[in-house]
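Asker:
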Amino acid sequence: MDKAANLLMRERPSTLTNSFGKDHEYCPDCKDRGIIIIDNNTARICHCQEQKRLERLFKSSQITPAFRAKTFENFVTDNRPPIIKAMFECARDYAQRFTEIQKQENNWLVFLGEPGAGKTHLSMAVANWLLARGIPTLYFQHVEGLGELKDLLRKQGEEGIAAKLEQMKKVELLIWDDLFWGKEQPREFELEITFEVLNYRYLNLKPTIISSNRTPQQLLKIDNGTIGSRIVERGKGHMVVVQDHEANYRLMGE
Numbered sequence: 687m688d689k690a691a692n693l694l695m696r697e698r699p700s701t702l703t704n705s706f707g708k709d710h711e712y713c714p715d716c717k718d719r720g721i722i723i724i725d726n727n728t729a730r731i732c733h734c735q736e737q738k739r740l741e742r743l744f745k746s747s748q749i750t751p752a753f754r755a756k757t758f759e760n761f762v763t764d765n766r767p768p769i770i771k772a773m774f775e776c777a778r779d780y781a782q783r784f785t786e787i788q789k790q791e792n793n794w795l796v797f798l799g800e801p802g803a804g805k806t807h808l809s810m811a812v813a814n815w816l817l818a819r820g821i822p823t824l825y826f827q828h829v830e831g832l833g834e835l836k837d838l839l840r841k842q843g844e845e846g847i848a849a850k851l852e853q854m855k856k857v858e859l860l861i862w863d864d865l866f867w868g869k870e871q872p873r874e875f876e877l878e879i880t881f882e883v884l885n886y887r888y889l890n891l892k893p894t895i896i897s898s899n900r901t902p903q904q905l906l907k908i909d910n911g912t913i914g915s916r917i918v919e920r921g922k923g924h925m926v927v928v929q930d931h932e933a934n935y936r937l938m939g940e
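This is the structure we're talking about:
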């Protein structure tokens with residue numbers, strides 16, 4: 687047996703933390719060695735290593751524990767308008783066929799329009815579904831995320847945000863939540879960051895989930911349509927626009 691295997695054979699106390707932050711005992715099958723010895727010449731990787739990998743994916747996704755609880759199973763469609771059911775089906779189809787869709791040009795999932803319709807919930811449901819299947823994912827909330835980038839820029843200069851932008855550009859699946867939130871015209875910093883990241887993903891056919899309270903027409907009026915046109919184009923086939931106030935469950939008192 688080689689030196690690496692011998693090192694892994696040494697027992698060491700350990701506690702694993704699952705994706706929801708709950709501690710549990712180390713793996714009883716391999717006693718947290720990471721491998722299971724079959725005989726003197728062979729060994730195999732223990733199943734717990736895959737679990738650890740998934741836990742790291744959930745942690746790096748920057749999806750909060752509350753959002754990790756958002757699933758297709760707990761999304762309510764009963765007594766909701768048909769457009770909400772259509773949005774649900776669109777999200778589920780995207781998740782289930784992701785390995786096929788990600789190879790296509792129009793591989794973005796886009797939910798636009800009325801707030802309170804469940805756009806974020808379904809975006810998280812897709813993300814959690816794919817994370818559980820080993821797809822690297824990153825969540826970016828527009829207002830909070832840009833605020834963090836501004837702080838980094840102020841404290842560390844452009845080098846401070848370079849690593850974050852690189853991660854956003856190249857992660858296998860990026861979720862950009864509440865894009866251009868608010869009624870006012872996006873400021874220059876917003877536009878520069880948004881275009882830099884989304885244009886890279888547009889050019890390199892990187893799967894992306896966009897949710898926004900803006901409609902397609904409103905997005906196309908921003909920055910001469912340089913960002914909106916890319917979103918609309920890549921979202922063909924998996925884009926739902928909610929424009930009915932009745933779709934807003936917050937206004938319904940639910």
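Start counting the sequence shown at 687; every next residue gets the next number (the numbering used here). All C-beta atoms in this analysis are idealised placements derived from N, C-alpha and C, irrespective of residue type, glycine included. Bear in mind the structure is a predicted one, so any value in this text is a computation, not a measurement.
Between which two residues does the alpha helix (DSSP H) containing ILE769 stretch?
Answerer: If you number the sequence shown from 1, residue 769 lands on position 83. Run containing ILE769: 768-782, per the alpha helix (DSSP H) assignment.
Asker: For the beta strand (DSSP E) containing LEU877, list its first residue and its last residue.
Answerer: Looking up residue 877 in the sequence shown gives position 191. That residue, LEU877, is in no beta strand (DSSP E); its alpha helix (DSSP H) goes 874-889.
Asker: Considering only C-alpha positions, which residue in the set LYS892, THR880 and VAL928 is nearest to ILE908?
Answerer: Taking the first residue of the sequence shown as position 1, residue 908 is located at position 222. Cα-wise, what sits closest to ILE908 is THR880.
Asker: Nearest to LEU824 by alpha carbon, out of LEU851, ILE770 and ALA729?
Answerer: In the sequence shown, counting from the first residue as 1, residue 824 sits at position 138. The option with the nearest alpha carbon to LEU824 is LEU851.
Asker: So, with DSSP's three-state summary, where would you put ASN910?
Answerer: The sequence position of residue 910 within the sequence shown is 224, counting from 1. The answer is helix: DSSP assigns ASN910 an H, G or I state.
Asker: Skipping 5 residues on each side, what residues in its chain have a beta carbon closer than 8 Å to that of ASP864?
Answerer: Position 178 of the sequence shown, counted from the first residue, corresponds to residue 864. Answer for ASP864: THR806, GLN827, HIS828, VAL829, SER897, SER898 and ASN899, listed in chain order.
Asker: Please name the residue or residues paired with MET925 in a DSSP beta bridge.
Answerer: Stepping through the sequence shown from its first residue, residue 925 is reached at position 239. The partner list for MET925 (beta bridge, DSSP) reads VAL796.
Asker: At the level of alpha carbons, what is the spacing between ALA752 and LEU808?
Answerer: One-based indexing of the sequence shown puts residue 752 at position 66. One-based indexing of the sequence shown puts residue 808 at position 122. So the two alpha carbons sit approximately 14 Å from each other.
Asker: Check the DSSP bridge columns for TRP862 and list the partner residues they point to.
Answerer: By one-based count along the sequence shown, residue 862 stands at place 176. Paired residues: PHE826 and ILE896.
Asker: Do you know whose CA, among ALA803, ASN890 and VAL928, lies nearest LEU860's CA?
Answerer: Residue mapping note: residue 860 aligns to position 174 of the sequence shown, counting from 1. LEU860 has its Cα closest to that of ASN890, out of ALA803, ASN890 and VAL928.
Asker: Using 7 Å as the threshold, is the C-beta distance between TRP794 and THR894 below it?
Answerer: Along the sequence shown, one-based indexing puts residue 794 at 108. Along the sequence shown, one-based indexing puts residue 894 at 208. Their beta carbons are under 7 Å apart, which means TRP794 touches THR894 by this criterion.
Asker: Is DSSP giving ALA818 helix, strand or coil here?
Answerer: Locating residue 818 in the sequence shown gives position 132, where the first residue counts as 1. It is coil, neither helix nor strand.
Asker: Can you tell me whether ARG887 is buried or exposed, with buried defined as 16 or more other CB within 10 angstroms of its CB?
Answerer: Indexing the sequence shown from 1 puts residue 887 at position 201. By the 10 Å Cβ count, ARG887 comes out buried.
Asker: Where does the unbroken alpha helix (DSSP H) through ALA847 begin, and where does it stop?
Answerer: For the purposes of this step, residue 847 is taken as residue 161 along the sequence shown, with counting starting at 1. Residue identity differs from the one stated: residue 847 is Ile in this sequence, not Ala. Unbroken alpha helix (DSSP H) run through ILE847: 844-856.
Asker: With a threshold of 8 Å, are at least 3 pairs of Cβ atoms found where one atom belongs to the stretch 914-932 and the other to the stretch 776-788?
Answerer: Taking 8 Å as the limit for Cβ pairs, the verdict is that the stretch 776-788 does touch the stretch 914-932.
Asker: Which residues in the same chain as ILE770 place their Cβ atom closer than 7 Å to its Cβ, once the five residues preceding and following it in sequence are excluded?
Answerer: Counted from its first residue, the sequence shown places residue 770 at position 84. Here the set comprises THR763, ALA803, GLY804 and ALA933.
Asker: Looking at C-alpha atoms only, which residue of GLU858, ARG916 and SER915 is the closest neighbour of THR785?
Answerer: The sequence position of residue 785 within the sequence shown is 99, counting from 1. The residue with the shortest Cα to Cα distance from THR785 is GLU858.
Asker: Cutting at 6 Å between CB atoms, please list the residues of its own chain near TRP862, excluding the five before and the five after it.
Answerer: Walking along the sequence shown from the start, residue 862 turns up at place 176. The answer, listed in chain order, is PHE826 and ILE896.
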